[in-house]
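A.B. asks:
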Amino acid sequence: MTELSVILCALDEEERIGRQLRALDAQVGAPPFEVVVVDNGSRDRTVEVVRTWIASPGRVAATALLVDAAATPGIPAARNAGVLAASGEILAFCDADDEVDPGWVAAMSAAVDGDVLVGGRLLVPGPDGAAERDLYGTGPVRTSYLPYVGGANCGMSRALCLAVGGYDESLPRYGFEDVDFSWRVQEAGYPLRFAPGAIVHYTLSDGVTSVRKRFLLGQGRVLMARRFPRYDSTDYTLRRTLVDAVRAFRALAGALLTRRSAARARASVAVAAAGRVVGAVRYRPGSPALRRRLLEERDR
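Quick note: UniProt numbering has the sequence shown finishing at residue 300, numbered continuously throughout.
#1: Please classify Arg266 as buried or exposed, where buried requires at least 16 neighbouring CB atoms within 10 angstroms.
#2: Determine whether the beta carbon atoms of Ser205 and Ala289 lie at a separation below 8 Å.
#3: Please state whether DSSP places Ser109 in a helix, a strand or coil.
#4: Let's see if you can read the secondary structure: which residues bound the alpha helix (DSSP H) around Leu256?
#5: If you compare alpha carbons, which of Gly165, Leu252 and Ile90 is closest to Ala263?
#6: For the 8 Å Cβ check, are there 3 or more pairs between the region 14-24 and the region 87-102?
#7: Are the beta-carbon atoms belonging to Tyr174 and Leu122 less than 8 Å from one another?
#8: Please look up how many angstroms separate the CB atoms of Ala69 and Val38, rounded, as I've assumed it's under 8 Å.
#9: Do you know offhand how far Tyr231's Cα is from Glu177's?
#10: Using a 10 Å radius around the Cβ and a threshold of 16 neighbouring Cβ atoms, would you call Gly88 buried or exposed?
#11: Mind checking who Glu99 pairs with in its DSSP beta bridge?
#12: Under three-state DSSP, which class holds Phe176?
#13: How should Arg300 be labelled, buried or exposed, when 16 other C-beta atoms within 10 angstroms of its C-beta is the threshold for buried?
#14: Just mark Leu257 as buried or exposed, buried being the case when its beta carbon has 16 or more other beta carbons within 10 Å.
#15: Using a threshold of 8 Å, state whether the C-beta atoms of Gly82 and Val36 are closer than that.
#16: Considering Cα atoms alone, identify which of Pro285, Ala225 and Phe215 is closest to Val269.
#17: Looking at the structure shown, is Ala80 part of a helix, part of a strand, or coil, going by DSSP?
#18: With a 10 Å radius around its C-beta and 16 neighbouring C-beta atoms as the bar for buried, classify Asp244 as buried or exposed.
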């Protein structure tokens, strides 16, 4: 069994995944590791780029493989497909559009020294070309319930991942999968740890992608409130979410007419409110969509 598996999920990332693969080739001081690239149904040249990299003679990873996960869209399903394909005792996750630091694999390997969930630093460019800054600070992200580590830079033992059932495929295609996973890990009695030396240079989403993510986050917020009322005790009824959405879109219309500088923020709020309307319908009390879909249940 390989000591560590890097699991890298991708969807239509032909322009950026090469940068991440080159970053993995630039690792220093790392133990033997494999790279598992999970394609979640790309329609561009992502698969071709990955296959070319796998066949390249200069690849640093001991082994590399490409997994087809097009059948089930979404980050949770893609990550689970990577877990099942990986052979490492340690699983380290990063994203196709980011760039890991040269010491990332070594730092993750050192930090995951048992059944523990580890997070690392996510660095984003500062304003107006300033130096990079930490996106979430230098520790697990705190919430009103339990802390969590971001899925774009995390590691864990394979045993821990399987013990909690992997990622929950009942969640929307994007959003909250890392929060949900972190909370289930802690509820099961496992600790969180932060590895400041595990650094990922994070890519912020562009306009269209950001809007889509905000909508899915709105849906996911309703599901998380249903499952974790200590995080959000709001009763997201259809009536309530519709009223909130109408207010949000009215505010957006007003901003477009009078204060266009505020329109972007208003649009983000309105899109998330629309997502909560869909979430209120999809995750209504008693709905089958409320049932978790974890690895052990999916494979029965």
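From the three backbone atoms N, C-alpha and C, an ideal C-beta is built for every residue, glycine too.
Model, not experiment: these values are computed from the prediction.
C.D. replies: Here's the rundown:
#1: Your numbering for residue 266 matches position 266 in the sequence shown. Classification for Arg266: buried.
#2: As a first step, residue 205 must be located in the sequence shown, where it is residue number 205. As a first step, residue 289 must be located in the sequence shown, where it is residue number 289. No, the pair does not count as a contact, with Cβ atoms beyond the cut-off.
#3: Position 109 of the sequence shown, counted from the start, is the residue given in the question as residue 109. It is helical.
#4: The residue given as residue 256 occupies position 256 in the sequence shown. Where Leu256 is concerned, the enclosing alpha helix (DSSP H) stretches over Leu238 to Thr258.
#5: The residue labelled residue 263 in the question sits at position 263 within the sequence shown. It is Leu252.
#6: yes
#7: To locate residue 174, count along the sequence shown from 1; it is residue 174. To locate residue 122, count along the sequence shown from 1; it is residue 122. For Tyr174 and Leu122, no; Cβs fall outside 8 Å.
#8: Numbered from 1 along the sequence shown, position 69 holds the residue referred to as residue 69. Numbered from 1 along the sequence shown, position 38 holds the residue referred to as residue 38. Indeed they touch by this definition, with Cβ atoms about 5 Å apart.
#9: Start at 1 with the first residue of the sequence shown, and residue 231 comes out as number 231. Start at 1 with the first residue of the sequence shown, and residue 177 comes out as number 177. Approximately 15 Å between the Cα atoms of the pair.
#10: Counting from 1 along the sequence shown, the entry for residue 88 is found at position 88. Looking at its Cβ environment, which holds 16 or more other Cβ atoms inside 10 Å, Gly88 is buried.
#11: By 1-based counting over the sequence shown, the position of residue 99 is 99. Answer is His201.
#12: By one-based count along the sequence shown, residue 176 stands at place 176. Residue state, collapsed to three classes: coil.
#13: Residue 300 sits at position 300 when you count from the first residue of the sequence shown. Here the model assigns Arg300 a pLDDT of 43, short of 50, so the residue's position is not dependable and the matter cannot be decided.
#14: Counting from one through the sequence shown, the residue named residue 257 turns up at place 257. Leu257 comes out exposed.
#15: By one-based count along the sequence shown, residue 82 stands at place 82. By one-based count along the sequence shown, residue 36 stands at place 36. Going by C-beta atoms, Gly82 is nearer than 8 Å to Val36.
#16: Position 269 of the sequence shown, counted from the start, is the residue given in the question as residue 269. Considering only alpha carbons, the answer is Phe215.
#17: Within the sequence shown, residue 80 is the residue found at index 80, counting from 1. Per the sequence shown, the amino acid found at residue 80 is Asn instead of Ala. Note: Asn80 maps to helix in three-state DSSP.
#18: Taking the first residue of the sequence shown as position 1, residue 244 is located at position 244. The residue in question, Asp244, is buried, as its Cβ has 16 or more Cβ neighbours within 10 Å.
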